[in-house]
Amino acid sequence: MPDIRTIKTDFPLFRHHPDLVYFDSAATALKPQVVIDAEREYLEQYSANVGRGLYPLAETATEKFEAVREKVARFIGASKSTEIIFTGGTTASINLAALLLASQISEGDNIVTTTMEHHSNFLPWKELAKKCQAELRVLPITEEGALNMSALGRYVDARTRVVAFSAVSNVLGTINPVQEIIAAIKAITPDAIVLVDAAQAIGHMPLGVSLWDADLVAFSAHKMFGPTGVGILWGKAALLETLPPVAFGGGMVLDVYPPESSVGRACAAETTYKEIPYRFEAGTPNIGGVIGFGAALDYIGSIGIENIRAHEMALTEYAMKRLKETFGAAIAIVGPTEADKRGGIIAFSFAGIHPHDIAQLLGEKNICVRAGEHCAAPLHRRLGLAATTRISFSVYNSEEDIDTLIEALKKNTLLLNK
Ligand SMILES: Cc1ncc(COP(=O)(O)O)c(C=O)c1O
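Heads up, the sequence shown is in my numbering, so the first residue is 69 and it goes up one at a time.
As structure tokens, this is what we get:
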């Protein structure tokens, strides 16, 4: 792992805000210069559309765009790059998945999600269940903030068509044993389609989607140093090939005919669609964003995913220790107690102090934290908390940042307790 001071020079935001302590990487990670440069190069030097033009600039754009698809496939351990669908983000990926799977769900079936999900992995399934007259089931969590695996058999059964859960909770920080969970689901019902929301996992720890044996995996580029507006829906080729497209337009068709009424039966035929993944990518994608994402993946590779995991875990351990020794019983940290069971995310609350007040006062000291329910209202209901304060780590954070936070929190909690 390179020295933190060197890493910080990779992120131009710190040039503009040298004293900034950025603890909101779970919302969006900062962007290194290499990502900004790659996106700018596309815009300045070869900003043609992809998959359409036959002139050299368009061919360059298409080659570079498609090279990122290959890179993503290698990065997540997918067996083929045709399994990578570019979307606008995790939310768009999961909504696309829900639309794609609508044809697989009938009245009386059920869809299982969990209490710890981000709204993005909850609402699309709730809406889909309503539309298909299926039942939405919500797997509970344990007191320790893990998925309640002993309850799985009561939630998943032969009528379960989809199970959707996150690899890492964006509030509890819990790392779910994805491979084990999928094996347990498939042991009950081998035909259930399992979607993993990997928004807080990919880019933070080594993993492989094929190893997991998931069917679909969703994540966002911007949470792993890439641009906003780019996401991935990975799907097993064998599944994607069975699914009809749900969004229609340019770039995804082989041939289109006007209706029979205007050309006569002999000339009319069904629309034919391109192969996967193109038939799920109607319209012009965020080309510059995807190119920038490629540079983000190279950047992660240059640091090393094992190094990133080790660094974030060490910071999590240090922060939990310092928070507990400084504030004792006054602070409640949600989620697992051991750092090796969590990603670099810690959400906490102080009795009698609203998290928004804490976040605002920290903000005035150049410390960026998140306060609220973090798009996880069902989880906060379960925890009996209206809101929490959340800190989350990345490669540019240090123990010194945590010390700065603790000092500021000491002053703020004193102030707010008066
Ligand atoms: C676990 C999880 N899922 C989904 C999302 C939604 O991601 P996006 O806003 O990039 O679509 C987030 C964002 O915080 C998240 O943490």
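Backbone N, C-alpha and C fix where the C-beta goes; we use that ideal spot for every residue, glycine too.
Q: Check each candidate in THR242, GLU195, ALA315 and name the one with the smallest Cα separation from ILE209.
A: THR242
(Q) I need the boundaries of the beta strand (DSSP E) containing SER234, first residue and last residue. (A) 228 to 234
Q) Skipping 5 residues on each side, what residues in its chain have a beta carbon closer than 8 angstroms to that of THR401? A) The displayed chain sequence assigns Ile, not Thr, to residue 401. Result list for ILE401: MET388, LEU391, LYS392, ILE414, ALA415, PHE416, in chain order.
Q.
Is LYS389 close to ligand 1? I mean its beta-carbon at under 8 angstroms from any heavy atom of the ligand.
A. no
**Q.** Contact test: GLY213 Cβ vs ligand 1 heavy atom, cutoff 8 angstroms
**A.** no
Q. Do you know how far the Cα of LYS409 is from the Cα of ALA202?
A. 34 angstroms
Q: Could you please give the first and the last residue of the uninterrupted beta strand (DSSP E) stretch that includes VAL206?
A: 203 to 207
**Q.** 9 angstroms Cβ cutoff, GLY297 in contact with chain D
**A.** The chain labelled as chain D is not found in the depicted structure, where only one protein chain is given.
Q: Pick helix, strand or coil for LEU301, following the three-state DSSP scheme.
A: strand
(Q) Between which two residues does the alpha helix (DSSP H) holding ARG390 run? (A) 373 to 395
Q.
Taking 6 angstroms as the limit between beta carbons, can you name the residues of its chain near SER93, skipping five residues before and five after?
A. SER460, SER462
**Q.** Close Cβ partners of GLU195 (< 8 angstroms) along its chain, the five nearest in sequence each way excluded
**A.** ALA166
**Q.** VAL89 - partner residues in DSSP beta bridges
**A.** ILE435
Q.
Given a cut-off of 9 angstroms on the beta-carbon distance, is the pair GLU349 and GLY319 in contact?
A. yes
Q. In three-state DSSP terms, what is PHE293?
A. coil
Q: Could you please give the first and the last residue of the uninterrupted beta strand (DSSP E) stretch that includes LEU164?
A: Per DSSP, LEU164 belongs to no beta strand (DSSP E); it is in the alpha helix (DSSP H), 158 to 169.
(Q) Judging by CA-CA distance, which residue of THR405, LYS342, SER218, VAL324 is the nearest neighbour of GLU248? (A) SER218
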